[in-house]
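Counting from 1, position 175 in the sequence shown corresponds to residue 175 in full-length UniProt numbering; the numbering is continuous, with no gaps. Positions of the beta carbon are idealized from the N, C-alpha and C atoms, including for glycine.
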Amino acid sequence: TTITTTFPDTTKPNPSRPLYFAYGSNLSAVQMRMRCTNNPALSGNPVAIGRLEGWRWIICEAGYANVLPPRELRVEEQVKATTVDDGCKVWGVLYEMAPEDEFLLDGYENVDHSSGLASIDLGGVRPREQGEGHYNKWYLPATITMWLDGEQEKARGGGGKEIVLVYVDEKRVRMGPPKEEYVGRMNRAIREAEELGVDRVWVRDVMRRFIP
């Protein structure tokens, strides 16, 4: 008698989950697989290259990457920020994270899970306040410039827009130098992102202003 055991396909796309839009050191799939230890084959697999229209990429005063939204979406200290220009964009690498790995990443990004519901209604973009955390979780459409995973593209309909999860620091929005330990990780992330298809001119003109 032969007993056959069938294991669930843990890398099968789940199009009901928003993709994660990485724009900092998590542009590196190597780092994502190291951090997402529950299901690295899924959570550390680059799915697509995407872009946030009207957003701006900076290294903030904390020494880490942050993104600033267009004027109509600004809250907290973002309202007073003078570093957001019309017509900007942010490029990123998209991943589908397993729920357990998203929880792990929340820890890396220091998300405050006890924060209250959002007091400023942005149509569901930011369901909760940032609270005491370093980053808040935003959900909004991103432009897909290139699919990297054919199975994901098929499962999600291959459209030009996807709802994505973006970690946004609403409070630390002033530009500053990167942390010394962050520079090496960002250089690895930039190399990997360019190899995947992130726009090299944008990297040169935007990211390289902060990352030597």
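Given this structure, state the Cα-to-Cα distance separating Arg-172 from Leu-68, to the nearest angstrom.
Rounded to the nearest whole angstrom, the C-alpha separation of Arg-172 and Leu-68 is 10 Å.
Rounded Cβ spacing between Trp-55 and Lys-89 (contact assumed at less than 8 Å)
About 6 Å; that satisfies the 8 Å criterion.
Distance, Arg-74 Cα to Glu-170 Cα:
Rounded to the nearest angstrom, the two C-alpha atoms are 8 Å apart.
Between which two residues does the alpha helix (DSSP H) harbouring Ala-41 extend?
40-43 is the span of the alpha helix (DSSP H), which, as asked, contains Ala-41.
Using DSSP bridges, identify the partner residues of Cys-88.
According to DSSP, which records beta bridges pairwise, Cys-88 is partnered with nothing at all.
To the nearest whole angstrom, what separates the beta carbons of Arg-35 and Leu-104, a pair I think is in contact under 8 Å?
For Arg-35 against Leu-104, the beta-carbon gap comes to about 6 Å, under 8 Å, which counts as contact.
For Tyr-135, name the three-state secondary structure that DSSP assigns.
In the structure shown, Tyr-135 sits in coil (DSSP, three-state: anything other than H, G, I, E or B).
Any idea which residues DSSP pairs Asn-187 with across the strands?
The partner list for Asn-187 (beta bridge, DSSP) is empty, contrary to what the question assumes.
Assumed close pair Met-32, Ser-16 - CB separation to whole angstroms, cut-off 8 Å
That belief does not hold up - the Cβ atoms of Met-32 and Ser-16 are roughly 21 Å apart, past 8 Å.
Please report the Cβ distance between Tyr-64 and Tyr-182, rounded to the nearest whole angstrom; I am assuming they are in contact, meaning their Cβ atoms lie under 8 Å.
The pair is a contact, with the Cβ atoms about 6 Å apart (cut-off 8 Å).
Straight-line CA distance for Arg-71 to Gly-123?
Straight-line Cα distance between these residues: approximately 15 Å.
Identify whether Lys-161 lies in helix, strand or coil by the three-state DSSP scheme.
Lys-161: strand per DSSP, three-state reduction.
For residue 213 and Ile-59, what's the separation of their Cα atoms in angstroms?
Because the chain here runs from 1 to 212, residue 213 falls outside it and cannot be looked at.
Spatial neighbours of Lys-179 in its chain, beta-carbon cut-off 6 Å, leaving aside the 5 residues before and after:
Hits under 6 Å: Gly-63.
Going by DSSP, name the residue or residues bridged to Cys-60.
Met-175.
Can you look up Met-34 in the DSSP assignment and give me helix, strand or coil?
Helix at Met-34.
Less than 8 Å between the C-beta atoms of residue 222 and Ala-29, yes or no?
Any property of residue 222 remains undetermined from this structure, which presents the chain solely from 1 to 212.
For Tyr-135, which residues from the same chain have a beta carbon less than 7 Å from its beta carbon, with the 5 sequence-adjacent residues on both sides left out?
So the list reads Glu-109, Asn-110, Val-111, Tyr-167, Val-168, Asp-169, once near-sequence residues are dropped.
Straight-line gap, Gly-176 to Glu-53 (C-alpha atoms, nearest Å):
Between Gly-176 and Glu-53, the C-alpha separation is close to 23 Å.
Kindly indicate which residue of Gly-131, Glu-61, Leu-117, Glu-96 has the alpha-carbon position closest to the one of Thr-10.
Comparing Cα-Cα distances from Thr-10 to each of Gly-131, Glu-61, Leu-117, Glu-96, the minimum goes to Glu-96.
Determine whether the beta carbon atoms of Glu-129 and Ala-142 lie at a separation below 8 Å.
No. Outside cutoff.
Quick check on DSSP: helix, strand or coil for Pro-70?
Secondary structure at Pro-70: coil, using DSSP grouped into helix, strand and coil.
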